[in-house]
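First comes the structure, then the notes that go with it.
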Amino acid sequence: MFFKKNEELDPNEKWYCVGIMTDNGLEDEEYDVLSKRILESVQNVSVISDLIRVEWDREKLRTLNERFNADAFSDPCYIINEFIPEDIKRERKLLEKNHKWKRLFGFLSPVEYMEAETKAAHDFDKALFYTDDPDKVIEYIIANS
């Protein structure tokens, strides 16, 4: 997952999260090529994540599918959400609340935090756009900024 530092984010600009979803995940080189293409074309993307389809709740995927009238998900597909820092903070606090003892003893791992942040950043119930074309991702972000 790629995160821009929050202090770099202009609060007067709309920021987006882009999920690149595949069936089995991307190799590092593939992820770098796809994310670089988006990041070089638009400035207001704060998070780009490699989302693995089998790791997501089937109900959430069905909701996404119905919402965007997609017969089937392509591999890869791109899902755009608005970046909402409060959602990320809320999910981190929920993680810490649900795992008080792990937090108290310092056993909450960076991976657990990343999973919580990914869940908040890519809430499919709030998805704005779905496509299998990276050029349409760029067009959407430019048109809606």
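Here the sequence shown stands for residues 8 to 152, where the numbers follow the working numbering.
Glycine included, each C-beta is placed from N, C-alpha and C at the ideal position.
Short Cβ contact (8 Å threshold) for residue i with residue j
i: V144; j: V40; result: no
i: L58; j: V52; result: no
i: S98; j: E124; result: Strictly speaking, residue 98 in this sequence is Glu, with Ser absent from that position. A contact, by the Cβ cut-off of 8 Å.
Bounding residues of the beta strand (DSSP E) (the contiguous stretch that carries residue i)
i: N151; result: Here N151 belongs to no beta strand (DSSP E), and DSSP marks it neither H nor E.
i: D57; result: V52 to I59
Nonlocal neighbours in the same chain, by C-beta distance under 8 Å from residue i, ignoring five residues either side
i: A134; result: L71, R74, F75, I86, I87 and N88
i: V61; result: D30 and N31
i: K126; result: E98
i: L33; result: I27, L41, D57 and P83
Delimiting residues of the alpha helix (DSSP H) encompassing residue i
i: I45; result: D35 to S48
i: E73; result: R65 to R74
i: K109; result: K107 to L111
Straight-line Cα distance separating residue j from residue i
i: N105; j: S152; result: 36 Å
i: R69; j: D140; result: 20 Å
i: F114; j: W63; result: 24 Å
i: D17; j: E93; result: 15 Å
i: R65; j: E20; result: 33 Å
i: P117; j: R110; result: 11 Å
i: W22; j: F90; result: 5 Å
Cβ neighbours of residue i in the same chain (closer than 7 Å, five flanking residues each side left out)
i: H129; result: C24, G26, S56, L58, I86 and N88
i: I95; result: E124, A127 and A128
i: F136; result: I87 and Y147
Residue i, DSSP secondary structure in three states
i: I145; result: helix
i: N88; result: strand
i: F131; result: helix
Heavy atom of the ligand SAH within 7 Å of residue i beta-carbon
i: F131; result: Although the ligand SAH was asked about, the structure shown includes no ligands whatsoever.
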